[in-house]
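Number of protein chains: 2
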Amino acid sequence: MKTVIILSWWLDSTTLLYRLINEWKEIYALSLDYWQKHLIELQKAKQTCKKLWINHKILKIHFLNEITENSLTRKDIEVPEWHYESESMKNTVVYNRNPIMANIALSYALTIWADEIALWIHSWDHHIYEDCRPEALEALQKTADIWNKWIKFIAPYLNTNKWGIVKEWLKLWVDYSLTHTCYKWWEIACWKCWSCQERLEAFEKNGEKDSIAYM
Amino acid sequence: MKTVIILSWWLDSTTLLYRLINEWKEIYALSLDYWQKHLIELQKAKQTCKKLWINHKILKIHFLNEITENSLTRKDIEVPEWHYESESMKNTVVYNRNPIMANIALSYALTIWADEIALWIHSWDHHIYEDCRPEALEALQKTADIWNKWIKFIAPYLNTNKWGIVKEWLKLWVDYSLTHTCYKWWEIACWKCWSCQERLEAFEKNGEKDSIAYM
């Protein structure tokens with residue numbers, strides 16, 4: 001089975017990649033460069049795909065920085081710290097980023113006659129990111145269906161939280177020191193942003209210590 | 216009312232632009248550069264938006280050329296001529312191009328708090344271009360709905376053919392010599408490609424002579 005995956009080097013999409021490898025799928029990975037502060041994720045994705053012999057393309061969608069205002073790309077907007085349920089977290093929303101990425105993956109999937117497109121979205125993202133909810137997945141499937149009836153969008157973690165993803169990650173025996181999770185741009189994780197906090201919590205709940213370097 | 220329009224300088228989107236101006240809408244135009252052979256449309260769109268004081272951005276989506284194979288962008292694939300219902304026309308399909316463009320417009324609309332996004336799709340495109348059909352519009356609306364309940368995708372020509380569009384165009388008294396319709400890259404229209412043929416037919420049916428230059 002041919003599967004297109006949108007790959008950042010976050011915990012979620014990385015675990016998903018290893019899951020797909022484990023299922024013996026033929027994988028085509030796409031990574032998107034939208035001038036995110038954490039561009040380092042793309043370098044890491046590239047290195048690892050090379051090592052694993054995975055087909056991998058990095059595509060530029062810099063326009064996102066021109067048409068949206070958010071703290072993930074704009075140097076003049078600070079990534080919020082700590083209170084990850086708070087109003088301030090909303091500035092990490094890049095409007096319609098995921099549907100744009102997923103539609104690009106669909107274009108690619110149609111070209112290479114793929115069977116499915118795997119998305120990393122998980123339940124902890126639902127409350128802040130509208131485009132990580134089940135309705136978003138349905139809208140994407142509806143778009144795929146206009147072309148043909150076989151390409152399926154799959155999101156195995158749609159109803160799993162970060163704890164569950166880390167649990168699977170540990171089961172798959174992958175070296176999580178390779179991943180990047182911080183919303184800021186440093187090589188060394190800040191441990192203050194939402195994303196770092198979520199990751200640390202997920203490791204703790206699994207009784208595991210995260211081995212990446214924190215500030 | 217704030218309206219985002221995806222603007223090529225084709226007859227369809229140009230007529231749509233003038234219709235929206237006529238309805239006194241506040242217009243934000245986006246044009247997409249996907250390395251199409253007929254890139255000249257973007258220059259024309261830019262010049263005219265400047266003249267009409269319309270907000271206009273040109274965004275680069277060059278990745279489309281890397282992930283799809285089609286005669287509109289690839290120098291090694293010829294744009295087919297004449298038989299515009301034929302199998303060969305399928306190489307003018309850029310897989311999922313319109314949903315990608317529409318999703319970019321949605322991202323922009325969310326950022327600037329727009330009310331609607333206007334699409335140029337019309338009934339003559341339905342048989343070849345899957346993403347110009349009513350189902351495509353529904354899928355896009357479903358995507359917009361995940362964000363809020365007010366942004367609407369509109370497609371006033373969804374059930375109108377090219378003859379109807381030219382009819383409206385003539386009614387709006389716009390100088391159609393400004394538009395570009397040819398799938399090839401020349402300033403002067405080839406009159407052999409599907410797009411030129413459709414245009415000529417539409418003018419003829421309206422008892423009008425097209426004033427642009429043909430080879």
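First to last, the sequence lines map onto chains U and L. Going by the working numbering, the first residue of the first sequence is number 1, and it counts up by one from there. Going by the working numbering, the first residue of the second sequence is number 216, and it counts up by one from there. From the three backbone atoms N, C-alpha and C, an ideal C-beta is built for every residue, glycine too.
Count the other CB atoms, across all protein chains shown, that sit within 10 Å of the CB of residue i; report buried if there are 16 or more and exposed otherwise.
{"i": "Gln47 (chain U)", "result": "exposed"}
{"i": "Tyr429 (chain L)", "result": "exposed"}
{"i": "Ile77 (chain U)", "result": "exposed"}
{"i": "Lys259 (chain L)", "result": "buried"}
{"i": "Met304 (chain L)", "result": "buried"}
{"i": "Asn148 (chain U)", "result": "exposed"}
{"i": "Ile188 (chain U)", "result": "exposed"}
{"i": "His337 (chain L)", "result": "buried"}
{"i": "Asp304 (chain U)", "result": "There is simply no residue 304 (chain U) to check, as chain U begins at 1 and stops at 215 in what is shown."}
{"i": "Ser246 (chain L)", "result": "buried"}
{"i": "Glu238 (chain L)", "result": "exposed"}
{"i": "Leu52 (chain U)", "result": "exposed"}
Please report the straight-line C-alpha distance between residue i and residue j, rounded to a whole angstrom.
{"i": "Asn306 (chain L)", "j": "Pro295 (chain L)", "result": "8 Å"}
{"i": "Asp340 (chain L)", "j": "Tyr372 (chain L)", "result": "11 Å"}
{"i": "Asp227 (chain L)", "j": "Trp384 (chain L)", "result": "9 Å"}
{"i": "Ala354 (chain L)", "j": "Asn280 (chain L)", "result": "24 Å"}
{"i": "Trp406 (chain L)", "j": "Ser426 (chain L)", "result": "13 Å"}
{"i": "Trp401 (chain L)", "j": "Ile319 (chain L)", "result": "28 Å"}
{"i": "Arg199 (chain U)", "j": "Val308 (chain L)", "result": "42 Å"}
{"i": "Ser410 (chain L)", "j": "Thr230 (chain L)", "result": "16 Å"}
{"i": "Ile61 (chain U)", "j": "Ile366 (chain L)", "result": "23 Å"}
{"i": "Val166 (chain U)", "j": "Cys408 (chain L)", "result": "55 Å"}
{"i": "Thr3 (chain U)", "j": "Glu26 (chain U)", "result": "6 Å"}
{"i": "Ala417 (chain L)", "j": "Glu423 (chain L)", "result": "9 Å"}
{"i": "Lys50 (chain U)", "j": "His56 (chain U)", "result": "8 Å"}
{"i": "Trp113 (chain U)", "j": "Thr181 (chain U)", "result": "32 Å"}
{"i": "Asp330 (chain L)", "j": "Ile54 (chain U)", "result": "42 Å"}
{"i": "Ile21 (chain U)", "j": "Arg289 (chain L)", "result": "33 Å"}
{"i": "Pro99 (chain U)", "j": "Trp335 (chain L)", "result": "21 Å"}
{"i": "Phe63 (chain U)", "j": "Ile273 (chain L)", "result": "9 Å"}
{"i": "Leu369 (chain L)", "j": "Leu72 (chain U)", "result": "The residue asked about is misnamed: residue 369 (chain L) is Ile in this sequence, not Leu. Going from the Cα of Ile369 (chain L) to the Cα of Leu72 (chain U) covers about 31 Å."}
{"i": "Ala333 (chain L)", "j": "Lys171 (chain U)", "result": "48 Å"}
{"i": "Asp175 (chain U)", "j": "Met216 (chain L)", "result": "53 Å"}
{"i": "Leu321 (chain L)", "j": "Leu106 (chain U)", "result": "17 Å"}
{"i": "Gln197 (chain U)", "j": "Ala29 (chain U)", "result": "27 Å"}
{"i": "Ile146 (chain U)", "j": "Ile361 (chain L)", "result": "19 Å"}
With DSSP run on the structure shown, which of helix, strand or coil describes residue i?
{"i": "Cys408 (chain L)", "result": "strand"}
{"i": "Thr218 (chain L)", "result": "strand"}
{"i": "Tyr323 (chain L)", "result": "helix"}
{"i": "Leu29 (chain U)", "result": "Note that residue 29 (chain U) corresponds to Ala in the displayed sequence, not to Leu. Strand, per DSSP."}
{"i": "Lys90 (chain U)", "result": "helix"}
{"i": "Asn55 (chain U)", "result": "strand"}
{"i": "Tyr214 (chain U)", "result": "strand"}
{"i": "Ile154 (chain U)", "result": "strand"}
{"i": "Lys424 (chain L)", "result": "coil"}
{"i": "Glu416 (chain L)", "result": "helix"}
{"i": "Lys37 (chain U)", "result": "coil"}
{"i": "Lys265 (chain L)", "result": "helix"}
{"i": "Lys184 (chain U)", "result": "coil"}
{"i": "Lys364 (chain L)", "result": "coil"}
{"i": "Lys275 (chain L)", "result": "strand"}
{"i": "Glu383 (chain L)", "result": "helix"}
{"i": "Glu281 (chain L)", "result": "helix"}
Whose CA, out of the options, lies closest to the CA of residue i?
{"i": "Trp163 (chain U)", "options": "U:Gln197, U:Trp120, U:Lys205 and U:Val174", "result": "U:Lys205"}
{"i": "Lys184 (chain U)", "options": "U:Ile27, U:Lys37 and U:Ile6", "result": "U:Lys37"}
{"i": "Thr68 (chain U)", "options": "U:Ile54, U:Tyr34, U:Leu39 and U:Lys50", "result": "U:Tyr34"}
{"i": "Pro162 (chain L)", "options": "L:Trp365, L:Ile361 and L:Thr375", "result": "What is shown of chain L runs 216 to 430, which leaves residue 162 (chain L) out entirely."}
{"i": "Asn311 (chain L)", "options": "L:Ile343, L:Ser322, L:Ile327 and L:Asp330", "result": "L:Ile343"}
{"i": "Thr179 (chain U)", "options": "U:Tyr28, U:Met1, U:Leu39 and U:Trp53", "result": "U:Leu39"}
{"i": "Leu257 (chain L)", "options": "L:Trp224, L:Leu352, L:Asp360 and L:Ile369", "result": "L:Trp224"}
{"i": "Tyr323 (chain L)", "options": "U:Ile21, U:Asn70, U:Tyr28 and U:Gln141", "result": "U:Asn70"}
{"i": "Thr326 (chain L)", "options": "L:Ile315, L:Trp335 and L:Ala359", "result": "L:Ala359"}
{"i": "Trp388 (chain L)", "options": "L:Leu222, L:Tyr233, L:Ile221 and L:Ile220", "result": "L:Tyr233"}
{"i": "Ile221 (chain L)", "options": "L:Lys357, L:Leu267, L:Leu352 and L:Met316", "result": "L:Met316"}
{"i": "Leu137 (chain U)", "options": "L:Leu352, L:Lys357 and L:Ala351", "result": "L:Lys357"}
Flag residue i as yes if its beta-carbon sits less than 7 Å from any beta-carbon of chain B, otherwise no.
{"i": "Asn311 (chain L)", "result": "Within the model displayed, chain B is absent; protein chains U and L are what it includes."}
Given the structure, does residue i come close to the ligand GDP, in the sense that its CB is under 6 Å from one of the ligand's heavy atoms?
{"i": "Ala329 (chain L)", "result": "Among the components modelled here there is no ligand, and therefore nothing to report on the ligand GDP."}
| query | Going along the chain, which unbroken runs of the alpha helix (DSSP H) with 4 or more residues stay wholly within the region 116-145 of chain U? | reply | 134-145
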